[in-house]
Amino acid sequence: ITALMLVLGLLLLGKQVNTLKQVDHILSERQIAALALALDVDDKKYISSIYPNSDRALALSRIAAQKNYSIFGEYPYAGLKQQMFKPYATNATNECKGNVDKIELIENVGNYVRIRGWFFDAADQKSPLLVRFVDNKGVVNGFAIPGMPNNEATATVDKKAQLSGFSGYLNASLLGH
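Numbering (the numbering used here), first residue to last: 19 to 195.
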């Protein structure tokens, strides 16, 4: 009986690990939806994963962002919309590695595109909580949230880069630059 219980426990453990992987994917989708709401981007694909009506979700999030309620008052989502198109100065000295894997148009959204890729700080051996896209003049033109699995980063940089994949939004006027 003990051996049978041990075998059953090990079989169930495998199922539980797969369940946790699915939770990571759902969490990543929700973080992207939160970023869309914080930037006021009507990305129905992701917003619908947390609220059935994107117009209503955007209206509610605008109020929450103005009053710094919920996640809109916490890093990394606090004040993101106000940071867009503003200069951003950094004193970062670490060399980071990254790649843009995909840029996609968002249905019925002309001013933003969805951007995916990976970003890893090799010196600190981690990805940041927020990626800022800054143009050559030092102006913020988009944001992304890392934390998604990325096999390319793991193979190219380091095993610790497994969760360096990001997804976010970029000002569409930068396409081709």
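The C-beta atom is built at its ideal place from N, Cα and C for all residues, glycine as well.
It should be emphasised that the depicted structure is a prediction, and the values quoted were computed from it without experimental measurement.
Residue interval of the alpha helix (DSSP H) (run including residue i)
i	result
Ala173	169 to 174
Terminal residues of the beta strand (DSSP E) in which residue i lies
i	result
Val149	149 to 152
Gly162	Note that residue 162 corresponds to Ala in the displayed sequence, not to Gly. That run of the beta strand (DSSP E) goes 158 to 166.
Asp139	127 to 139
Ser185	183 to 189
Presumed contact (8 angstroms Cβ cut-off) between residue i and residue j, rounded CB distance
i	j	result
Tyr198	Ala54	The structure shown does not extend to residue 198, since the chain is modelled only from 19 through 195, so no value can be given for it.
Val158	Phe90	In fact, because the Cβ distance is near 18 angstroms, the residues do not count as touching under 8 angstroms.
Ser67	Arg132	Rounded, the Cβ-Cβ distance is 14 angstroms, inconsistent with contact.
Tyr64	Ile50	5 angstroms
Lys46	Gly165	A quick correction: the sequence has Ser, not Lys, at residue 46. Rounded, the Cβ-Cβ distance is 6 angstroms, consistent with contact.
Asp58	Lys99	6 angstroms
Gly156	Ala190	That pair is no contact at about 20 angstroms.
Ala56	Ala83	7 angstroms
From the options, residue whose alpha carbon lies closest to that of residue i
i	options	result
Phe138	Lys115, Ile50, Leu193	Lys115
Ile163	Val152, Leu22, Arg48, Ala21	Arg48
Gln101	Asp119, Leu26, Val152, Lys85	Val152
Leu192	Asn129, Ile124, Leu26	Asn129
Ile194	Met23, Ala140, Leu181, Ile121	One point to set straight first is that residue 194 is Gly, not Ile, in the sequence displayed. Of the listed residues, the one whose Cα sits closest to Gly194 is Ile121.
Lys144	Leu29, Asn112, Ile44, Leu57	Asn112
Val9	Ala21, Leu29, Gly183, Ala190	For residue 9 there is no data in the structure shown, the boundaries of the chain being 19 and 195.
Val175	Asn189, Pro105, Ala140, Asn154	Ala140
Val127	Phe161, Lys62, Leu30	Lys62
Ile124	Asp60, Leu29, Ser79	Asp60
Gly160	Lys178, Pro105, Glu170	Pro105
Heavy atom of the ligand MN within 7 angstroms of residue i beta-carbon
i	result
Ile65	The ligand MN is not among the ligands present in this structure, which contains no ligands whatsoever.
Mind listing, in chain order, the continuous alpha helix (DSSP H) runs of no fewer than 4 residues lying wholly within the region 63 to 119? 72 to 84, 98 to 101
Quick check: the region 92 to 104 against the region 128 to 148, are at least 3 beta-carbon pairs closer than 8 angstroms? Segment contact: the region 128 to 148 against the region 92 to 104, three or more CB-CB distances shorter than 8 angstroms; contact assigned.
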